[in-house]
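Residue numbers (my numbering): 850 to 1468. Working notes for the structure below.
Structural data, given as structure tokens:
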């Protein structure tokens, strides 16, 4: 089925997908597919599956986020901040999955031209980060508000209203509004993602610069020690969980409220009961004050429409509150404690600071350390504001267009709109506008669109059952591109494991697994292997979480678990950051943890060495 040869991965132009996926190419923009006119260049790249942004098959409209980040991430490194060796990240779709390639550094003359601009553009941002961040937040919230207030008609009127005709015709009407509205919605999404990378790349760059300085000044310093130095950040992505804790505390002090919230009913049933109580009304007032924006958080990563969100499924935050109340009943602490983390951070920074001999080295250390302490929080802040709050608003507005198409009998279900990509939906809206404009009883191609939805849903279901190749093309002798290593956790050793076959490695009698020592500490306990998001409710206190990657919305379980182990992600991945902030050990980027470890296995996690040991297999 593939052309895999020794020392390389399948050729992307000859690689075949399962027959059940026939027609998958029609779901995505043509420029995102491997093509004959770019074959020579594409064959010489190393393509790996992006399991951070797209761990599962991508519905057509959800693919818009991939297009958006490719442009915005790449332009900031190549054209805006002009990071000398950095190029962009190319994308290609294969069988409903996303593959990416880090572009090799440009010629020396281009790097020289970029270097002339780099310092003048980057360091002022580092020096003025707090001020710039506040300005960023103002303009980003304004964009989200503009999107939320976008008027989208979900019904087409029988006749245009009098006020739009008299005393003079308005000039344009609902047929224009719906087409223009979708264009605006798409453009606002792309604008939001342009904003997204305004400082994100620099947060990763600041971390890399600090790592380079630390390794130069302190030869042999561990990855976990470096991680400890930057821990203790107060970031927006933790705010939803903090609000849940406060709501639980408030309910705990009002026994009648707590009794209702610990009950077995739905969120709506509990809200109805609370509204009948004085204390309940008081609690609900606090709840309503914080749910916008803090419950605009995806139940998953924010990258897929079907994940849902807290604000659209209140059973989820109510479920977390119930769990917190039960913990409080047992005398347990539910909040993330920063005291210990900050103390350990300050101690290790002081310890290494004392080793620096020269004033020049001291200044270099302080400059890079202050940069990372200031700017690094954006690595998680952006997750909440862009990939959760902003995406949640966008999904809601898209569903208004979906409702219009359902009301016009073009689709059967509102979410069927996600089965069309961003270039196809204007076609559906144009046909609706045209049919309405022509008059009554005008036939439209409803059956064609409904059949397309059915076909594509079938393809996506088949794609979910497929385990695609981890990589395509020619592997590099050494993986050196820093973002590939630090964010995605792709290393030379990982690529070699892929060449051997991950399944073969995982299927062997594995007792030791190696990854990134991303959060310091040591833990031993039962493994909980999480492969489906819905299984998160099964995570128990004292479990060690084993998963492909973590999602920010899982924050409430980090007070339960002893440690975390992931297949994907480097030292700047979410799993690495969040574990450092909760003071629990983690090993990231193992590649095979979810295949080699089974739920119930007793495992030992060493966050100082990056080693995971399977101590005892489950019966």
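Cβ atoms here follow ideal geometry from the backbone N, Cα and C, with glycine treated the same way.
Thinking C-alpha only, which one of the options is nearest residue i?
i: residue 935; options: 1033, 1054, 942, 1011; result: 1054
i: residue 1145; options: 1103, 1190, 1274, 1165; result: 1165
i: residue 1229; options: 1004, 1426, 1010, 906; result: 1426
i: residue 944; options: 957, 1319, 1384, 901; result: 1319
i: residue 889; options: 875, 863, 1253; result: 863
i: residue 1386; options: 1204, 1367, 1410; result: 1410
i: residue 906; options: 1140, 1309, 1193; result: 1309
i: residue 1185; options: 1408, 1176, 1244; result: 1408
i: residue 1216; options: 1300, 1120, 1062; result: 1062
i: residue 940; options: 897, 1093, 1368, 1361; result: 897
Helix, strand or coil: which one does DSSP assign to residue i?
i: residue 1016; result: coil
i: residue 946; result: strand
i: residue 1464; result: strand
i: residue 1408; result: helix
i: residue 940; result: strand
i: residue 896; result: strand
i: residue 1344; result: helix
i: residue 1071; result: coil
i: residue 1170; result: helix
i: residue 1377; result: strand
i: residue 1084; result: coil
i: residue 1039; result: helix
i: residue 1186; result: coil
i: residue 1204; result: coil
i: residue 1008; result: coil
i: residue 804; result: The structure shown has nothing for residue 804, since the chain only spans 850 to 1468.
i: residue 1000; result: coil
Is the Cβ-Cβ distance between residue i and residue j less than 9 Å?
i: residue 1422; j: residue 1338; result: yes
i: residue 1044; j: residue 994; result: no
i: residue 877; j: residue 909; result: yes
i: residue 1439; j: residue 1363; result: yes
i: residue 1052; j: residue 1225; result: yes
i: residue 861; j: residue 1322; result: yes
i: residue 1037; j: residue 999; result: yes
i: residue 1452; j: residue 1370; result: no
i: residue 1150; j: residue 1236; result: yes
i: residue 1430; j: residue 1221; result: no
i: residue 1097; j: residue 1170; result: yes
i: residue 976; j: residue 933; result: no
i: residue 1280; j: residue 1271; result: no
i: residue 1267; j: residue 1247; result: yes
i: residue 1436; j: residue 1365; result: yes
i: residue 1005; j: residue 1396; result: no
i: residue 1347; j: residue 858; result: yes
i: residue 1227; j: residue 1269; result: no
i: residue 1239; j: residue 1274; result: no
i: residue 1326; j: residue 1341; result: yes
i: residue 1465; j: residue 1450; result: yes
i: residue 1233; j: residue 1086; result: yes
If we ignore side chains and look at the alpha-carbon of each, how far apart do residue i and residue j end up?
i: residue 1154; j: residue 911; result: 7 Å
i: residue 1032; j: residue 1259; result: 19 Å
i: residue 1444; j: residue 1311; result: 21 Å
i: residue 1025; j: residue 1116; result: 40 Å
i: residue 922; j: residue 1049; result: 9 Å
i: residue 1335; j: residue 1095; result: 34 Å
i: residue 853; j: residue 1306; result: Here the model assigns residue 853 a pLDDT of 41, short of 50, so the residue's position is not dependable and the matter cannot be decided.
i: residue 1286; j: residue 1028; result: 13 Å
i: residue 1261; j: residue 1417; result: 37 Å
i: residue 1079; j: residue 1102; result: 35 Å
i: residue 1380; j: residue 1072; result: 27 Å
i: residue 1130; j: residue 1123; result: 6 Å
i: residue 1034; j: residue 1099; result: 39 Å
i: residue 1082; j: residue 1188; result: 12 Å
i: residue 1414; j: residue 997; result: 38 Å
i: residue 1125; j: residue 1111; result: 17 Å
i: residue 1065; j: residue 916; result: 37 Å
i: residue 1136; j: residue 1059; result: 40 Å
i: residue 1182; j: residue 1398; result: 26 Å
i: residue 1463; j: residue 965; result: 51 Å
i: residue 1139; j: residue 1018; result: 44 Å
i: residue 1424; j: residue 1406; result: 12 Å
i: residue 1330; j: residue 951; result: 7 Å
For this session: Mind listing, in chain order, the continuous alpha helix (DSSP H) runs of no fewer than 4 residues lying wholly within the segment 1092-1143?
Result: Taking only runs of at least 4 residues, the alpha helix (DSSP H) segments lying wholly in the segment 1092-1143 are 1104-1110, 1116-1123, 1127-1143.
For this session: Entirely within the segment 854-889 and at least 4 residues each: give me those alpha helix (DSSP H) ranges in chain order.
Result: Whole alpha helix (DSSP H) segments, 4+ residues: zero.
Problem set entry | Completely contained alpha helix (DSSP H) runs for the segment 1248-1320, where each covers 4 or more residues | Entirely contained in the segment 1248-1320, the alpha helix (DSSP H) runs reaching 4 residues are, in chain order, 1274-1287, 1295-1313.
Problem set entry | Complete beta strand (DSSP E) runs within the segment 1403-1454 (minimum length 3 residues, chain order) | Counting only runs of 3 or more, we get 1412-1415, 1435-1437.
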